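Below is one structure, written out as structure tokens, with a few remarks after it.
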DNA sequence: GATGAATGAGCCTTCATTCAT
DNA sequence: TATGAATGAAGGCTCATTCAT
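Here it is in structure tokens:
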């Protein structure tokens, strides 16, 4: 891979990735041909192979890209002093994002990656990382909640955190399949879980 | 496709499906070639195409097969008088199934189908059906719970049901990606949700 | 090939040939699969291969069948004392036959064989034979015409005969391609050729 | 099919068509595999499919190619003031062409197309067009002949034109099947038809 | 003889990738 | 670097033919 003018190169790479993302979201990894990406990007085969060694590397790069997006959602938690409000903020941010066209497109790709993870070590790594990070943040919040006495000390923060992530993964699935999906219903259900782990008076 | 006698046909079909399932679980739909299935089944191309018109039809059939398996898990609910116990039974049955080799294999295929649903109408139908059925059963149980006064009348049974299903879908994902997964932790988290919707005293 | 009960066998053969003929006329040799013939005949693969060693042999047999049909048209000439009337009778018989559904079907197959003749020695033999026979009969008639003084002695009977046959082959082609075709126009043109070879007064 | 630059494209297309033509003339459309064409052209599968979408499209293109060749023969008529000489010129040009290796090869393909026309609408169109054009030219010549008083006013120019074309189609068939064929005999027979439609004195 | 499920060579076509310009 | 024509391995599928029942 070339090393001239990193600035331009990065821009080109991004151009290609954006095109690939559009194709992948539309037709999936396997249905998308390099030709599709070429057409979408308005570039040439040679050019793309100058920036990515193979289709797989392109998919990989798309995966990394997605990563950042999800990580950003977690930022919502940082601002709240109350850990439970932090959790609510994360949940709300996710639900909002899921309703935006851009967010949906991103998650269509995520679902591809989830399936791909089963047979690509590197992608699995990525995907798992995409779970661990929110789990870590949520776990942290729950622990703070326990310290503050608003979360039941009996619960295992990590497994609740993973459960919350699981819940939202399931929401994503149902949303992507076109099931009617209500953010407020989802939020209410989330609150139920929160109240389930709250300290009993 | 020549019309085959029902006698041998069903057995042969099953044989082929079993082989396909093994391949699909191992390598995914797209990485699996018909040749792979042929080798696995110990049959010939012509024979397979005598039973399934195309690779897509094979995938479709695999999807239907999976369907049955999930439906069976719901049977767990039928025996319990207490609706909450019914829910617990379903959860437990799912978690147990997820730990069996056979159950895992089946879910590896499920994940393929979840992704495939994004661009195959028919598969999406199947997958959505695979959500609706458990949602219906769970909704029913929650409603009975409300009538019996053990479930908070304020909750929306259907959205809680969908949340529960979502939770388990997320568990499946995490399990498939090789995250250390504890059934009892999952069950505890489930109980937390249950207590979150229980009638407050 | 078996040799039991020649009577039944011949009937079976005929049944198969009739089915094959129908398929071939409808879709051509190459587009017709053995399965098509099987379906049309209401028999089984094994049965057909009990009577014909291969698809090529079936085509061959169809060719022979067609042969007889054309030969019958020549019979028209036998009854007329006047050789020119004999020619007219042959021409008329051919034109009439070409308007019948059955005759057209037969010629659709003929055209297949004409093309096939280019690369199958045996079929070429058949096809050439299908030209030689009418040419022989017509030549004979023309020679009688010359002897009787109604046909110009300067003409070469054989080459005129071949020309007449060529003319009708061309008519067949045009008819098969769906060009509007008038028997009487064709007959008039034929008369023109006849008058062109008549003895000049 | 990627869009290729017109520069190389035309040449490459021609190269492929020439190779295909050689194969088709030798073995017919159906016996010729794309591999054969690839080998003959010294190219690759991908390259061929970059220029022709399918084998059928290749056949189609070959048909169009043949078209031009026949049309060129009609040019022979343009130079002669005498319409009958024009007809003779067309006849002679056809007969000469039929004796050349190149002409024969072209007609072997024509015969394939004639048969193919029975079940391919587009090819039938082409083939019929290949009849109509010479028929139109000849009809015109005959009409001029009638106006000049050298052709009998009683004859129908169009049906005579079609008969002439039919005659030559038949000649082509017989020639292709390897029947000894004499151009001068054919020409003499043609003259007989001409004299048959000449004005009687 | 008849049946029809099974065979498997081989066909058409696609598409990730390369490389001369 | 970018281009885009060319490559060719490999995939899905067909269909003439066989053979155990």
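Residue numbers (the numbering used here), protein chains in the order written: chain C, 1 to 201; chain Z, 202 to 402; chain Y, 403 to 603; chain R, 604 to 804.
Every residue gets a Cβ at the ideal spot worked out from N, C-alpha and C, and that includes glycine.
The structure presented is a predicted model; accordingly, all values stated were derived computationally and were not measured.
Which bits of chain C does residue 386 (chain Z) rub up against, with CB to CB less than 7 Å? Position 185 of the second chain, counting from 1, holds the residue named residue 386 (chain Z). Under the 7 Å cutoff, chain C gives 156 and 159.
Can you give me the C-alpha to C-alpha distance between residue 126 (chain C) and residue 381 (chain Z), rounded to a whole angstrom? Counting from one through the first chain, the residue named residue 126 (chain C) turns up at place 126. Counting from one through the second chain, the residue named residue 381 (chain Z) turns up at place 180. Going by the C-alpha atoms only, they are around 16 Å apart.
task = Mind reading off the beta-carbon distance from residue 763 (chain R) to residue 591 (chain Y)? Whole number of angstroms is fine, and I expect it under 8 Å.
result = In the fourth chain, the residue the question calls residue 763 (chain R) occupies position 160. In the third chain, the residue the question calls residue 591 (chain Y) occupies position 189. Going by Cβ atoms, the distance from residue 763 (chain R) to residue 591 (chain Y) rounds to 6 Å, so yes, they are a contact pair.
task: Measure from the alpha carbon of residue 798 (chain R) to the alpha carbon of each residue in R:745, R:778, R:777 and R:720, then state which is nearest.
output: Here the question's residue 798 (chain R) lines up with position 195 in the fourth chain. If we check each option's Cα against that of residue 798 (chain R), R:745 comes out closest.
Are the Cβ atoms of residue 299 (chain Z) and residue 356 (chain Z) separated by less than 8 Å?
By one-based count along the second chain, residue 299 (chain Z) stands at place 98. By one-based count along the second chain, residue 356 (chain Z) stands at place 155. Taking 8 Å as the Cβ cut-off, residue 299 (chain Z) and residue 356 (chain Z) do not qualify as a contacting pair.
Checklist line | Proximity of residue 602 (chain Y) and residue 531 (chain Y) at Cβ, strictly below 8 Å | finding: As a first step, residue 602 (chain Y) must be located in the third chain, where it is residue number 200. As a first step, residue 531 (chain Y) must be located in the third chain, where it is residue number 129. Contact flag unset, no.
Practice prompt. Run down chain Z in chain order and give the residues with a C-beta less than 7 Å from the C-beta of residue 118 (chain C).
Written response: Within the first chain, the letter at position 118 stands for residue 118 (chain C). Correct list: 229, 309, 312 and 377.
Based on Cα-Cα distance, which residue from C:74, C:7 and C:66 lies nearest to residue 25 (chain C)? Indexing the first chain from 1 puts residue 25 (chain C) at position 25. That would be C:66, whose Cα lies nearest to the Cα of residue 25 (chain C).
Along chain C, which residues have their Cβ under 7 Å away from the Cβ of residue 236 (chain Z)?
Residue 236 (chain Z) sits at position 35 when you count from the first residue of the second chain. Chain C residues near residue 236 (chain Z): none, gap ~17 Å exceeds 7 Å.
With residue 421 (chain Y) and residue 447 (chain Y) assumed to form a contact (beta carbons below 8 Å), what rounded beta-carbon distance in angstroms separates them?
-> Taking the third chain and counting its residues from 1, the one referred to as residue 421 (chain Y) is at position 19. Taking the third chain and counting its residues from 1, the one referred to as residue 447 (chain Y) is at position 45. Actually they are not in contact, since the Cβ atoms of residue 421 (chain Y) and residue 447 (chain Y) sit about 13 Å apart, beyond 8 Å.
Q. Which runs of the alpha helix (DSSP H) spanning at least 4 residues fall entirely within the segment 257 to 303 of chain Z, listed in chain order?
A. 284 to 300
Residue-chain proximity (residue 398 (chain Z), chain C), Cβ-Cβ < 8 Å: Along the second chain, read from residue 1 onward, the residue named residue 398 (chain Z) stands at position 197. Output row for residue 398 (chain Z): interface = yes.
(message) Quick check on the burial criterion: 16 or more other C-beta atoms within 10 angstroms. Buried or exposed for residue 215 (chain Z)?
(response) Walking along the second chain from the start, residue 215 (chain Z) turns up at place 14. Its Cβ having fewer than 16 others within 10 Å, residue 215 (chain Z) is exposed.
| message | Would you say residue 9 (chain C) lies against chain Z (beta-carbon separation less than 8 Å)? | response | The count along the first chain starts at 1 and reaches residue 9 (chain C) at position 9. So no, residue 9 (chain C) is outside the interface.
- [ ] Can you have a look at residue 634 (chain R) and say buried or exposed, based on whether 16 or more other CB atoms are within 10 angstroms of its CB?
- [x] For the purposes of this step, residue 634 (chain R) is identified with residue 31 of the fourth chain, where counting begins at 1. Residue 634 (chain R) should be labelled exposed.
- Query: In chain Z, what lies closer than 9 Å to residue 162 (chain C) by C-beta?
  - Reply: The residue given as residue 162 (chain C) occupies position 162 in the first chain. Chain Z residues near residue 162 (chain C): 371, 372, 375, 380, 382, 386, 387 and 390.
Taking the alpha-carbon positions, what's the residue 122 (chain C) to residue 60 (chain C) distance? Position 122 of the first chain, counted from the start, is the residue given in the question as residue 122 (chain C). Position 60 of the first chain, counted from the start, is the residue given in the question as residue 60 (chain C). So the two alpha carbons sit approximately 8 Å from each other.
- Query: In three-state terms, what does DSSP make of residue 399 (chain Z)?
  - Reply: Stepping through the second chain from its first residue, residue 399 (chain Z) is reached at position 198. Note: residue 399 (chain Z) maps to strand in three-state DSSP.
Throw me the rounded Cβ distance for the residue 118 (chain C) and residue 312 (chain Z) pair, which I believe falls under 8 Å.
Mapped onto the first chain, residue 118 (chain C) falls at position 118. Mapped onto the second chain, residue 312 (chain Z) falls at position 111. Confirmed, about 6 Å.
Worksheet item: Who are the near neighbours of residue 440 (chain Y) in its chain, counting only those whose CB is closer than 7 Å to its CB and skipping five residues on each side?
Response: On the third chain, residue 440 (chain Y) is found 38 positions in, with the first residue counted as 1. Cβ neighbours of residue 440 (chain Y) beyond the five flanking positions: 446, 447 and 450.
Check: Taking all protein chains shown into account, do 16 or more other C-beta atoms lie within 10 angstroms of the C-beta of residue 594 (chain Y), making it buried, or fewer, making it exposed?
Finding: Taking the third chain and counting its residues from 1, the one referred to as residue 594 (chain Y) is at position 192. Residue 594 (chain Y) comes out buried.
Secondary structure of residue 404 (chain Y), DSSP reduced to three states
If you number the third chain from 1, residue 404 (chain Y) lands on position 2. For residue 404 (chain Y), the predicted structure reports a pLDDT of 45, less than 50, and the residue's modelled location is therefore unreliable. The matter cannot be settled from this model.
Point to revise | Nearest to residue 786 (chain R) (by Cα), restricted to the options R:661, R:696 and R:626 | key: For the purposes of this step, residue 786 (chain R) is taken as residue 183 along the fourth chain, with counting starting at 1. Nearest of R:661, R:696 and R:626 to residue 786 (chain R), Cα basis: R:696.
**Span separating the alpha-carbon of residue 673 (chain R) from that of residue 113 (chain C)** = Translated into positions along the fourth chain, residue 673 (chain R) becomes position 70. Translated into positions along the first chain, residue 113 (chain C) becomes position 113. If you take the alpha carbons of residue 673 (chain R) and residue 113 (chain C), they lie about 59 Å apart.
Run through chain C and tell me which residues come within less than 8 Å of residue 325 (chain Z), C-beta to C-beta. Stepping through the second chain from its first residue, residue 325 (chain Z) is reached at position 124. The answer, in chain order, is 177 and 178.
**OP:** Would you decide whether residue 636 (chain R) is buried or exposed? Buried here means 16 or more other CB atoms lie within 10 Å of its CB.
**Re:** Numbered from its first residue, the fourth chain carries residue 636 (chain R) at position 33. Residue 636 (chain R) is exposed by the Cβ-count criterion.
Alpha-carbon to alpha-carbon, residue 275 (chain Z) and residue 106 (chain C): Sequence index remark: in the first chain, residue 106 (chain C) carries index 106 (1-based). Sequence index remark: in the second chain, residue 275 (chain Z) carries index 74 (1-based). Cα-Cα distance, rounded: 33 Å.
Identify each residue in the segment 60 to 75 of chain C for which the Cβ-Cβ distance to at least one residue of chain Z is less than 7 Å, and report them in chain order. none
- Message: Looking at chain Y, is there any beta carbon in it that lies within less than 8 Å of the beta carbon of residue 753 (chain R)?
- Response: Against the fourth chain, residue 753 (chain R) aligns to sequence position 150. Not an interface residue.
Residues in the same chain with beta-carbon distance under 6 Å from residue 683 (chain R), minus the five sequence neighbours each way, listed in chain order, please.
One-based indexing of the fourth chain puts residue 683 (chain R) at position 80. 689 and 692, listed in sequence order.
> In chain R, which residues lie with their C-beta within 7 Å of the C-beta of residue 387 (chain Y)?
Replying inline: No answer is possible for residue 387 (chain Y): it lies beyond the span of chain Y, which begins at 403 and ends at 603.
Counting only C-beta atoms, is residue 143 (chain C) closer than 8 Å to chain Z at any point? Translated into the one-based positions of the first chain, residue 143 (chain C) becomes position 143. By this cut-off, residue 143 (chain C) is not an interface position.
**Item:** residue 582 (chain Y) - containing alpha helix (DSSP H), residue span
**Value:** Looking up residue 582 (chain Y) in the third chain gives position 180. Premise fails: residue 582 (chain Y) is in no alpha helix (DSSP H) and is neither H nor E.
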